[in-house]
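Just so you know, we're using the numbering used here here: the sequence shown kicks off at 13 and counts up by one. In this text, a Cβ means the ideal position worked out from N, Cα and C, and glycines have one as well. All of these numbers come straight from a predicted model, not from anything done at the bench.
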Amino acid sequence: MKKNNSHLSGGVFVMNDLPPPISPLQQEVRTQAIVTIGHFLEGLGEPGWRSVLLGWLGRYDGLEVYLYLEDDPVLTVRDLLARYVEALRPADPVRLAADLAALPFCRYRAQRGDEKWRPLAETFSSFCRGTTVEVWESERPAPPPQVLENWLLAQFCAAQICNRRG
Numbered sequence: 013m014k015k016n017n018s019h020l021s022g023g024v025f026v027m028n029d030l031p032p033p034i035s036p037l038q039q040e041v042r043t044q045a046i047v048t049i050g051h052f053l054e055g056l057g058e059p060g061w062r063s064v065l066l067g068w069l070g071r072y073d074g075l076e077v078y079l080y081l082e083d084d085p086v087l088t089v090r091d092l093l094a095r096y097v098e099a100l101r102p103a104d105p106v107r108l109a110a111d112l113a114a115l116p117f118c119r120y121r122a123q124r125g126d127e128k129w130r131p132l133a134e135t136f137s138s139f140c141r142g143t144t145v146e147v148w149e150s151e152r153p154a155p156p157p158q159v160l161e162n163w164l165l166a167q168f169c170a171a172q173i174c175n176r177r178g
């Protein structure tokens, strides 16, 4: 078994080997959070967001092993939706897209050699498979919030059209 050569260096998390898997308990929490996301969206009257959010979160799958638990993409989306449910706030698509684009995990970036990860073009797991990856938190999200908001809204509109066609 190879020794993990990961270390923090100047705010950059460098992985020379595959990162250790998350614990079974954390995986169970993440699985339950995905189910809860669906329930929250149903309760908010916005089940059309489910496929959009799960597809978007799939782009970040694998990033959670590099992050602190409180920045886990699945858990932060669940927690955001919990705040909507608690406040009995309707899930206005524009507001929800803005709130999603402001979540902490959107500020994380990754690089492999000279190539930077582009979350809307490639999944994280595809990007980092079998190579050395650097992950760091940036001051600004990538892609910029407005780009991500527009992408999420476009995905939501497409999902709504598909649902109506049925």
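Exercise for the section: Would you kindly work out how many angstroms separate the C-alpha atoms of N162 and A109, rounded to a whole number? Expected result: 8 Å
Handout entry: Per-residue burial, V106 [other beta carbons within 10 Å of its own, 16 or more giving buried]
Key = exposed
Practice task
Could you tell me if Y80 is buried or exposed, where buried requires 16 or more neighbouring beta carbons within 10 angstroms of its beta carbon?
Solution key: exposed
Problem - CA-to-CA distance, A45 to E82, given in whole angstroms - result: 13 Å
Handout entry: Candidates E146, T143, N175 and V159: closest to A133 by CA position
Key = When the alpha-carbon of A133 is set against those of E146, T143, N175 and V159, the nearest one is in V159.
Problem - Of the residues S137, D91, A103 and L93, the one placed nearest R124, counting alpha carbons only - result: If we check each option's Cα against that of R124, S137 comes out closest.
Handout entry: Spatially closest choice to L112 from L165, Y78, L100 and S150, by CA coordinates
Key = L165
Exercise for the section: Could you tell me the distance, in whole angstroms, from the CA atom of F52 to the CA atom of V147? Expected result: Spanning the two alpha carbons is a distance of roughly 31 Å.
Problem - Per-residue burial, T88 [other beta carbons within 10 Å of its own, 16 or more giving buried] - result: buried
Exercise for the section: Using the Cα positions of P4 and L65, report the straight-line distance between them to the nearest angstrom. Expected result: Any answer about residue 4 is impossible in this case: the structure gives the chain only from 13 up to 178.
Exercise for the section: Give the straight-line distance between the Cα atoms of E54 and D126, rounded to the nearest whole angstrom. Expected result: 42 Å
Handout entry: Contact check, L69 vs V86, beta carbons under 9 Å
Key = yes
Problem - Cβ shell of G50 (< 6 Å), same chain only, five flanking positions each side left out - result: R62
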